[in-house]
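Asks: The number in the working numbering is simply the position in the sequence shown, starting from 1, with 139 added.
Here a beta-carbon is modelled for each residue, glycine too, at the ideal position from N, C-alpha and C.
Just so we're clear, the structure is a prediction, and the values are computed from it rather than from any experiment.
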Amino acid sequence: MQIKSDKEIKIMRHSSYIVSKILDEIEGIIKPGVTTKDIDNYAEYRIKEMNAEPSFKGYCGYLHSTCISINNEVSHGIPTYQRIIMFGDIVKVDIGVYYQGFHGDSCITIPINKVSLEASRLIKATKEALYAGIKKVKEGHYLSDIAIAIEKVIHEYDYTVVEEYTGHGIGYNLHEEPIIFNSLSNQSFDIKLKAGMIFTIEPIVNQKSKYTKILSDGWTVVTIDHGLSAQFEHTVLVTHKGYEILTNKN
Numbered sequence: 140m141q142i143k144s145d146k147e148i149k150i151m152r153h154s155s156y157i158v159s160k161i162l163d164e165i166e167g168i169i170k171p172g173v174t175t176k177d178i179d180n181y182a183e184y185r186i187k188e189m190n191a192e193p194s195f196k197g198y199c200g201y202l203h204s205t206c207i208s209i210n211n212e213v214s215h216g217i218p219t220y221q222r223i224i225m226f227g228d229i230v231k232v233d234i235g236v237y238y239q240g241f242h243g244d245s246c247i248t249i250p251i252n253k254v255s256l257e258a259s260r261l262i263k264a265t266k267e268a269l270y271a272g273i274k275k276v277k278e279g280h281y282l283s284d285i286a287i288a289i290e291k292v293i294h295e296y297d298y299t300v301v302e303e304y305t306g307h308g309i310g311y312n313l314h315e316e317p318i319i320f321n322s323l324s325n326q327s328f329d330i331k332l333k334a335g336m337i338f339t340i341e342p343i344v345n346q347k348s349k350y351t352k353i354l355s356d357g358w359t360v361v362t363i364d365h366g367l368s369a370q371f372e373h374t375v376l377v378t379h380k381g382y383e384i385l386t387n388k389n
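1. What does Cys246 pair with, by DSSP beta-bridge criteria?
2. Would you report the Cα separation of Val173 and Lys331, rounded to the nearest angstrom?
3. Buried or exposed: where does Phe371 fall if 16 or more other Cβ atoms within 10 Å of its Cβ makes it buried?
4. Ile353 CB to nearest chain D CB: under 8 Å?
5. Excluding the 5 residues preceding and the 5 following Tyr298 in the sequence, name in chain order all residues of the same chain whose CB lies nearer than 7 Å to its CB.
6. Per DSSP, which residues does Asn321 bridge with? Please list them.
7. Would you tell me roughly how many angstroms separate the C-alpha atoms of Met336 and Thr374, rounded to the nearest one?
8. Could you pull out every residue in the same chain whose Cβ sits closer than 7 Å to the Cβ of Val361, ignoring the five residues on either side in sequence?
9. Measure the alpha-carbon distance for Gly243 versus Ile249 and round it to whole angstroms.
10. Provide the residue span of the beta strand (DSSP E) that contains Gly306, from first to last.
11. Checking the sheet assignment: what are the DSSP bridge partners for Pro193?
12. Can you tell me where the alpha helix (DSSP H) with Lys176 in it begins and where it stops?
13. Considering only residues of the same chain and omitting the five flanking positions on each side of Val292, which have a CB-CB separation below 8 Å?
14. Would you kindly work out how many angstroms separate the C-alpha atoms of Lys253 and Phe241, rounded to a whole number?
15. Output needed for Ile161: all residues of its chain with C-beta closer than 7 Å, excluding positions within five of it in sequence on either side, in chain order.
16. If you follow the alpha helix (DSSP H) that Ser421 is in, where does it begin and where does it stop?
17. For Lys176 and Ile251, what's the separation of their Cα atoms in angstroms?
18. Mind checking whether Gln141 and Gly381 have CB atoms under 8 Å apart?
19. How would you label Glu164, buried or exposed, when you count the other beta carbons within 10 angstroms and need 16 or more for buried?
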């Protein structure tokens, strides 16, 4: 568990700003007919234009700058020119940025034009769960407070939380300690939060079963029952009085 210095926090504010800026731009240009590789190319171009590098490219052999997962794809979707975004899709775009030695990471779920009422409800629930978890971030609180808040929202909507994919510490490395659990059922330890900790909170919420599988490409995670899945993620700093969302659009 790393406590970041003021200098490190300043750099991470900027790496996280780049992430949020590009996600905001993608939200404005994504539309039916665009391929997921088109979006990936745009993200990589903009990351490098802002004097940064994509965190994901080369990580554990991954070849792309973003993960783009559609509908029943839970996470780690591989961008390709063959995957065309369609009217009514819900598209998860996950971006990491490496700037001056430190990472920022965020994910949003984008509805493409008019989506089903169920898809819209799932997106709403997932975003609510994210912010419920964030509101529990404060020095002296515990990791379990975050998990309880997230799980409460999801259960109220009668959805399920994907347990095996979690939030994480972030900084010099893309993935650092601690693990940020989205559910108490798989939380194997607890930690008291301290000012200067930076981590991601990223609930992944399924419409039906919480169980998933990985496709033959070795990366793409999908629901086992073809139910929809949504995700939102922010990089968050623990402060003495509460929290700061580093990947806010502003």
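Replies: Reading from the atomic positions:
1. For Cys246, which the question treats as bridged, DSSP gives the partners Asp233, Glu372.
2. Cα-Cα distance, rounded: 44 Å.
3. Result: buried.
4. The chain inventory of the structure shown lacks chain D, comprising one protein chain alone.
5. If we look at Tyr298 and ignore the five residues flanking it on each side, its Cβ neighbours are Leu261, Ala264, Val344, Asn345, Gln346.
6. DSSP, once it has assigned bridges, lists no residue as partnering Asn321.
7. Taking the straight line joining both Cα atoms gives about 11 Å.
8. Counting only Cβ-Cβ distances below 7 Å, and skipping sequence neighbours, we find Asn211, Glu212, Val213, Thr351, Lys352, Leu354.
9. Here the alpha carbon of Gly243 sits roughly 20 Å from the alpha carbon of Ile249.
10. Bounds of the beta strand (DSSP E) holding Gly306 are 306 to 308.
11. Note: Pro193 is bridge-paired with Val236 in the DSSP secondary-structure output.
12. 175 to 188 is the extent of the alpha helix (DSSP H) around Lys176.
13. Hits under 8 Å: Ala264, Glu267, Ala268, Ala271.
14. Lys253 and Phe241 have their C-alpha atoms roughly 37 Å apart.
15. Closer than 7 Å at Cβ, skipping near neighbours: Ala182, Arg185, Ile186, Ile234.
16. There is simply no residue 421 to check, as the chain begins at 140 and stops at 389 in what is shown.
17. If I take the Cα positions, the gap works out to 16 Å.
18. Here Gln141 is not near Gly381, since their CB atoms are 8 Å or more apart.
19. With fewer than 16 other Cβ atoms inside 10 Å of its own Cβ, Glu164 counts as exposed.
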